[in-house]
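Single-structure report; data block below.
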Amino acid sequence: MSSKALGERLGMTAQGVRKLEHAEANGTITLNTLARLAHGLDCEVHYMFVPRTSLVEQVLNRTQEIAGKCVAVHVDGGGGADRCRNADGPYQRTGKSE
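Each residue of the sequence shown is one higher than the one before, counting from 183 in our numbering.
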């Protein structure tokens, strides 16, 4: 679509459209302006944050991170519960019952 045609849809001049295109190319366009452009094109604007890695990869990375901070210690007294000593603090239960 030409700048003139888009300008007519938006109620602005072709020069105004070129300024908007320049702002978009420079990364200075606002969400408000994008919404106005979308309205003129009978569209909707959706903005979102998309993770760079999959959920599975994030869970695996976090699991490895936590496992790296823990040292498994077998406690023989009182039922032999497995405990995890976090590098940042005291012994904590790992979920197994005593």
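The C-beta atom is built at its ideal place from N, Cα and C for all residues, glycine as well. Please read these numbers as outputs of a predicted model, since none were measured by experiment.
In this chain, the alpha helix (DSSP H) harbouring His221 covers 213-222.
According to the DSSP assignment, Glu203 belongs to the alpha helix (DSSP H) that extends over 196-208. Here the region 234-241 does not lie against the region 186-204, with fewer than 3 beta-carbon pairs under 8 Å apart. Rounded to whole angstroms, the gap between the alpha carbons of Asn214 and Asp224 is 15 Å.
For Thr235, the three-state secondary structure derived from DSSP is coil. Contact annotation: Leu188 and Gly209 have beta-carbon atoms that are not nearer than 8 Å.
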